[in-house]
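Number of protein chains: 2
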Amino acid sequence: MHIRRIAAVLAASFTLGLPAWAQQVIASAASPGKVIAVEVQLDNGGKLAYTVKRRGKDIISPSRLGFNLANAPKLDGGFTLRDKAVSEHDATWEQPWGERQFVRNHYRELRVELEQPNRGKRRLAVVFRIYDDGIGFRYEFPDQPQLRDAEILDELTEFTVAQPATAWWMPAGELPGLEEEIRKSPLAEIGIANTPLTVRLDDGTHVAFHEAALVDYASMWLRKVDGQKLRAMLAPSSHGPAVVRHGAFTTPWRTMQIADNAAGLYMSDLVLNLNEPNKLGDVSWVKPSKFVGVWWEMHLQSGTWNAGPKHAANTANTKRYIDFAAKNGFRGVLVEGWNRGWESDWGHGGADFSFTESYPDFDLPALASYAKSKGVRLIGHHETGANLPAYEKQMDAAYRLYAKHGVDSVKSGYVHDAGTMQFAGSDGKVYYGHYDSQDGVRHFLKAVTEAAKYRIAVDTHEPIKDTGLRRTYPNWMSREGARGVEYNAWGNPPNSVDHEAKLVFTRMLSGPMDYTPGVLSLVGAEGKVFNSTQAKQLANFVVIYSPLAMAADLPENYEKYPAAFKFIRDVPTDWADTRVIDGAVGEYATIARKDRNSKDWYVGAVTDGNARTLALPLSFLDAGKTYVAEIYRDGDGADYRSERRFDLVVEKRNVTAKDVLQLKLAPGGGQAIRFAPQR
Amino acid sequence: MHIRRIAAVLAASFTLGLPAWAQQVIASAASPGKVIAVEVQLDNGGKLAYTVKRRGKDIISPSRLGFNLANAPKLDGGFTLRDKAVSEHDATWEQPWGERQFVRNHYRELRVELEQPNRGKRRLAVVFRIYDDGIGFRYEFPDQPQLRDAEILDELTEFTVAQPATAWWMPAGELPGLEEEIRKSPLAEIGIANTPLTVRLDDGTHVAFHEAALVDYASMWLRKVDGQKLRAMLAPSSHGPAVVRHGAFTTPWRTMQIADNAAGLYMSDLVLNLNEPNKLGDVSWVKPSKFVGVWWEMHLQSGTWNAGPKHAANTANTKRYIDFAAKNGFRGVLVEGWNRGWESDWGHGGADFSFTESYPDFDLPALASYAKSKGVRLIGHHETGANLPAYEKQMDAAYRLYAKHGVDSVKSGYVHDAGTMQFAGSDGKVYYGHYDSQDGVRHFLKAVTEAAKYRIAVDTHEPIKDTGLRRTYPNWMSREGARGVEYNAWGNPPNSVDHEAKLVFTRMLSGPMDYTPGVLSLVGAEGKVFNSTQAKQLANFVVIYSPLAMAADLPENYEKYPAAFKFIRDVPTDWADTRVIDGAVGEYATIARKDRNSKDWYVGAVTDGNARTLALPLSFLDAGKTYVAEIYRDGDGADYRSERRFDLVVEKRNVTAKDVLQLKLAPGGGQAIRFAPQR
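For the record, the sequence lines run as chains A and B. Going by the numbering used here, the letters in the first sequence line up with residues 1 to 679, in that order. Going by the numbering used here, the letters in the second sequence line up with residues 1001 to 1679, in that order.
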């Protein structure tokens, strides 16, 4: 026996003669253009639900809202409406760097305040922001004596997808750094998924489920409950409820970007818009740029991170990279393996790293000064072995050292071979747990805000997912957070041929990725070959956005391919505008971006294992102007499955906004184009 | 970057020239009849896996083993083999009550002891018991100074089903009392499932995943990771790691019953065999029997649990039930609503129940004595509102009171409308959490062992799942743990027509169920009708096993149907033997059982919404003897969808072991037969 029995017994006290399961709409609102509508409902047990419609069609069927608390009865029923309000907002803000310079934030907000009259009058608000391209909603916990400390065991938020759908997803809570391969399956067959979770409904509508502004809360995973009903699952803590908060707080925004097609998902700025504005003030010290580094040779196993005969981060080798960067216009030179500790069993969290002591063969002050003389900056590196207590102890000194030597960006790493992070418990014990637990979420942001004090930008590897916090903390420039090009060096399997075409419409919806593209040699360790043509390596610089973009190959390899390398030298990493021309998840993508510092446009197109001819209407160019298109395309016989993967044709032609180019992509291929106004 | 990179770097240190993913078999064993074989493997990272084959065919492909700990590095890799041993065991034990009197326990045990040489030499053992009808395995944590306190965050045990399969499953962690409807879907589409999880592989093999001997540990849920890979998920604790244990301990057994067909699953005694023998000594005071009670009238809303004009548990009404029980040979009379507290908001955990104070209109001593004079016993009732601190405080006094009045069985209830149980934390705080968390598991067993001190048997409603502990604690006689007949009174929806045919091969694999069958009136509250014929109500007494079996209908209804009622009066609840004649999950089931106290056999058959003719070979009867078969069958036009659901034919014929009866079941129908040797 249970609840329903009681519901029947108690029904008389709060029904209006409706059957027990009936939903009553208590509030509703539509987006500014009336594209998307949200309804909020209460049933006769006072349980809260919402629905989402797009152009009158159900996207999300009635889906529950609420919480399961560890220290108090559930916050999921017995609610009555206390107040509601609808307001409209329209503002445009400027990004210090990004995919576009100006972002419009136009939405209607529906605020619903609830109370549990028979549960100590506990209050909870749910706030929806409804855009023409999606919605976000979050919970607000007021400071209330009945619930001063919220210990959240589960968030009961559900997302019931109204139509059969296909999902592109990645299991959550598995590999650290979100480095699982991206799966495709019917939505009904997903397990516990990370977000962004990209879903294509059978009518073609695309929806991306994600969250915005993940601060001091556990990451939201999505688990399938039944059929197409998904429910939030908070990344568990190792030593208590998933989330513990004191006083008033808000949860992250639960977001759904909704569009007619895959391209529309990527065009949405909803996640950024739901983050707080810049809290750092002047961020002119955050510099979008390209870099090279002492890195790929370790992945090829010709160099080592640790000291010894093959130690790559030695002074002479680093100088070689500085010279190469200076000669070719790269601002940064990353050096990994420069500091003591790599001999330890670091991949198992036993890291004994020093973040301030160099190996004897690496002269940090001399190299920093040499770089500066050449107009180049070293990029710092902090590998933590996911041992947070050890890292946090040294963090301040580590940033201070770098700042002293003019190192204004740091790549951090959180490798752990079993996927568990070490946290310092408030009880003095060391706990092991998920990267994206509330503890982990706190650390990753702390590493960024501490860096900001030293005017240092952060590029996090093995990170938690991006939720748009770069708006609030623009020094959090990039991160890894998916399988990067390194998997082509040693991955088993290496990245699949459709990897980029999946990334664009899944991982890339969350924010920039340090993908380490541009390996023109197309070969990894032990002769492993890339599932890519050379042209695709160039296209990736446009397709996979990062304000800090590595040209990952060895200098000697770039010297072998000067024609292709020219594109890598030219391509910028900061954009005035971005247009997704076309795309299908896991199949292909064509993206056009306008340079923030010139009148040039750049286009990148990538395909999966299929050859394609993609139309590229040039209407994004200024009308009436002639542009020189420098085209880097697959040769006619190019194919990622043979040595013809190197077949690259570079050609120029004059074009105008009226032209439509036909981009011919080889199997596993791509195309990169620079459009510069004719002088 | 992560693990695999490191794996490559470190590979040289522990490979034998094998590729990194290669598995090396370190131990193996087969069942006594060589039907089932288990292999245990280590990969080059020292990760542990196992496989299961049946008749040479893969059932479980390589599947990981291990743990994620909160207070120490993962116990899931870096293992080396320390020792292994295979032994064979064959014994037969007697059940004090059950589906069969004698149970054979014949298996080979494979014991694998592992060590993590580079992780402080931590040790772990995995012990497999391999039967011809399935396997069980468990982990053994030795007492070791490096891991004296184990804080288990996740159990990483996987079950990768080797063939496409269909699953019958129930979402875990949802409704309290396991009262979800049972779903059928491709295995790849399950969410987080309770066990028993019944699976039919595409080649017809049936596998039931479950656990045995769940003691001082969190319940195991199964979550789909990817494809057909399931992983253990421990019911979370609200205030720390899922499981916290000190010193040496063993986990529950993870079990797979494996058979050619559904019938074979139910015939397996594997789960009971994996439990410890009786720890209570003499249990002759545990009495299998039938009962009636003050109960159904509350579900019909003609009576109330709480005091007032319609209070059902009044002295006069109880006497009426005692008289009815005495007249018809029922041993027990359950009385719900006898005690103070039902006026409170008890369904929300705010229970203010007294377990010792009767309502003024209920005279416990007088009724107990009146019952005794009639050869009848009262059955006690403890509704706790899932408020464990309140219940545990009164538990001893409550049992003592009942024992004093000769009440030797108690039905307990754990209703909570939001599905959360209240626990007393060791820190003095009240926590809210899952019924089947480690806290809940401890409580449910405590309620049984405390009852045993007073020689009281327990019938738990809104329980955790059964894992065979009745072998160890034979006073844990029955429990609810699925949707009972009460759902036909007020359920929305009521129980589906295929409910019993699902229950037999899912829920019933775990143990007895207090299903409250035998509602011959076939009508619930407000005129709701049952998805059942009257004959099926009789068949349920045989099909759905419980040593404590309620005849749930009102006495006045039984008086309306004396012919049908005779079967309910006759049918025993304790068996010398049980044979599943035939069945298909969710379609039909025919079960024959031999009375423990006579030479009679009983057969029950149920079907789903389809009419069926089922062959019943009588070879289970003693050869050469003539039996009188009293057949209770659906009338020729019977149908659960019309008033013809009452069409019941009772007829007698003489039969022998050589006969084959053809059981004609109506849509939604059933058949019940008593076979008594001719005198």
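By construction, the Cβ of each residue, glycine as well, lies at the ideal position given by its N, Cα and C atoms.
Is there a Cβ of chain A sitting closer than 9 Å to that of residue i, yes or no?
i         : result
B:Pro1236 : yes
B:Ala1672 : no
B:Val1225 : yes
B:Pro1360 : no
B:Arg1100 : no
B:Leu1727 : Only positions 1001 to 1679 of chain B appear in the structure, and residue 1727 of chain B is not among them; the question remains open.
B:Gly1419 : yes
B:Ala1563 : no
B:Pro1241 : yes
What is the DSSP secondary structure of residue i, counted as helix, strand or coil?
i         : result
A:Leu234  : strand
A:Ala451  : helix
B:Glu1113 : strand
B:Leu1153 : strand
B:His1311 : strand
B:Trp1093 : strand
B:Pro1171 : strand
A:Val52   : strand
A:Arg4    : Confidence in A:Arg4 is poor, its pLDDT being 42 and thus under 50, which makes the residue's placement too unreliable to answer from.
B:Ala1418 : coil
A:Lys652  : strand
B:Thr1015 : Because the pLDDT of B:Thr1015 is 31, which lies under 50, any placement of that residue in the model is unreliable, and the number read from its coordinates should be weighed accordingly. B:Thr1015: coil per DSSP, three-state reduction.
B:Val1542 : helix
B:Gly1257 : It is Gln, not Gly, that sits at residue 1257 of chain B in the sequence shown. Residue state, collapsed to three classes: strand.
Using a Cβ-Cβ distance cut-off of 9 Å, determine whether residue i contacts chain B.
i        : result
A:Glu343 : no
A:Asn118 : yes
A:Ser28  : no
A:Gly45  : yes
Among the residues of its own chain, which have a CB less than 6 Å from the CB of residue i, if the five just before and after it don't count?
i         : result
B:Ala1142 : At residue 1142 of chain B the sequence reads Pro, which differs from the Ala that was named. Counting only Cβ-Cβ distances below 6 Å, and skipping sequence neighbours, we find Arg1123, Ala1248.
A:Leu548  : Asp459, Met477, Ser478
Output needed for residue i: all residues of its chain with C-beta closer than 8 Å, excluding positions within five of it in sequence on either side, in chain order.
i         : result
B:Gly1624 : Thr1656, Ala1657
A:Ser28   : Ala37, Val38, Glu39, Val40, Leu110
B:Tyr1640 : Val1497, Phe1530, Asn1531, Ser1532, Thr1533, Lys1536, Gly1609, Ala1666, Pro1667, Gly1668, Gly1669
B:Pro1186 : Pro1164, Ala1165, Thr1166, Ala1167
A:Asp76   : Lys47, Leu48, Arg64, Leu65, Gly66, Phe67, Asn68, Leu156
Please work out which residues of its chain come closer than 7 Å, Cβ to Cβ, to residue i, disregarding the five sequence neighbours upstream and downstream, and give them in chain order.
i         : result
A:Asp727  : Nothing in the structure corresponds to residue 727 of chain A, since chain A is present only between 1 and 679.
A:Tyr399  : Glu450, Ala451, Tyr454, Ile456
A:Arg54   : Val35, Ile36, Thr205, Ile258
B:Asp1417 : Gly1347, His1348
B:Gly1136 : Arg1129, Ala1212, Trp1253, Arg1254, Thr1255, Leu1270, Leu1274
Going by the DSSP bridge assignment, what does residue i pair with across the sheet?
i        : result
A:Pro617 : A:Val660
A:Gln24  : A:Leu42
A:Ala424 : A:Val430
Notebook entry, point to check: Any residues in the segment 423-439 of chain A with a beta carbon nearer than 8 Å to a beta carbon of chain B? Which ones, in chain order?
Noted result: Lys429, Val430, Tyr431, Tyr432, Gly433
Next item on the list: Below 9 Å between beta carbons is the criterion; list the residues of the segment 485-516 of chain A that meet it against any residue of chain B, in chain order.
Entry: Glu486, Tyr487, Ala489, Trp490, Gly491, Asn492
Note to self: Which residues of the segment 56-82 of chain A have a Cβ closer than 7 Å to any Cβ of chain B? Give them in chain order.
What the structure shows: Asn68, Leu69, Ala70, Asn71, Ala72, Pro73, Lys74, Asp76, Gly77
Check: the segment 1345-1356 of chain B: which residues have C-beta closer than 9 Å to a C-beta of chain A, in chain order?
Finding: Asp1345, Trp1346, Gly1347, His1348, Gly1349, Gly1350
Item checked: Near-chain B residues of the segment 381-402 of chain A (beta-carbon distance less than 8 Å), N- to C-terminal order -> none
Next item on the list: Using a Cβ-Cβ cut-off of less than 9 Å, list which residues of the segment 166-177 of chain A approach chain B; keep chain order.
Entry: Pro171, Gly173, Glu174, Leu175, Pro176, Gly177
Check: What are the residues of the segment 184-195 of chain A that lie near chain B, defined by any Cβ-Cβ distance shorter than 7 Å?
Finding: Ala188, Glu189, Gly191, Ile192
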